[in-house]
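Just so we're aligned: the sequence shown equals residues 182 to 294 in our numbering.
Below is one structure, written out as structure tokens, with a few remarks after it.
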Amino acid sequence: MSHNQFNNRVAAPCIVDTGIVVNKRDLQRLLVDLGRVRYIHIQDGIICSEGEGYVLEVFADPTRSTLIANHALYLNVYPFSDAQLELSTLPSLRDKEDVKEPGYCEHPPASWE
């Protein structure tokens, strides 16, 4: 599947508070204005690190990585299949296959600060 095809998944006509966002552009729009967030890095089911930072960039690119350093988050939504939204919570990103690879960086629901 090409990079272009992946970003062109059919979007829901409207999502209000609850739903599943599958379109990469919608995922980007949803995450780009989060501002300050809390994050957890989980590898092989073990919490490796956690902290707070600011979302500085959100993109969908198979050739780039998600980077978290110096309290800055550069999020690549390409590896995620969708984001689940529920009333009064923030998005929870899910991996395409729900299989955690070595070094996988899980993005739990963030909190508004």
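All residues carry an ideal CB built from backbone N, CA and C; glycine is no exception.
- A residue is called buried when at least 16 other Cβ atoms come within 10 angstroms of its Cβ; Val197 does not meet this threshold and is exposed.
- The Cβ-Cβ distance between Val239 and Gln209 falls below 8 angstroms.
- With a 10 Å radius around the Cβ and a threshold of 16 neighbouring Cβ atoms, Asn257 comes out buried.
- The C-beta distance from Gly234 to Val218 rounds to 7 angstroms, short enough to meet the 8 angstroms contact threshold.
- Here Ser246 has Asn257 as same chain residues with Cβ atoms under 7 angstroms from its own Cβ, once five neighbours each way along the sequence are excluded.
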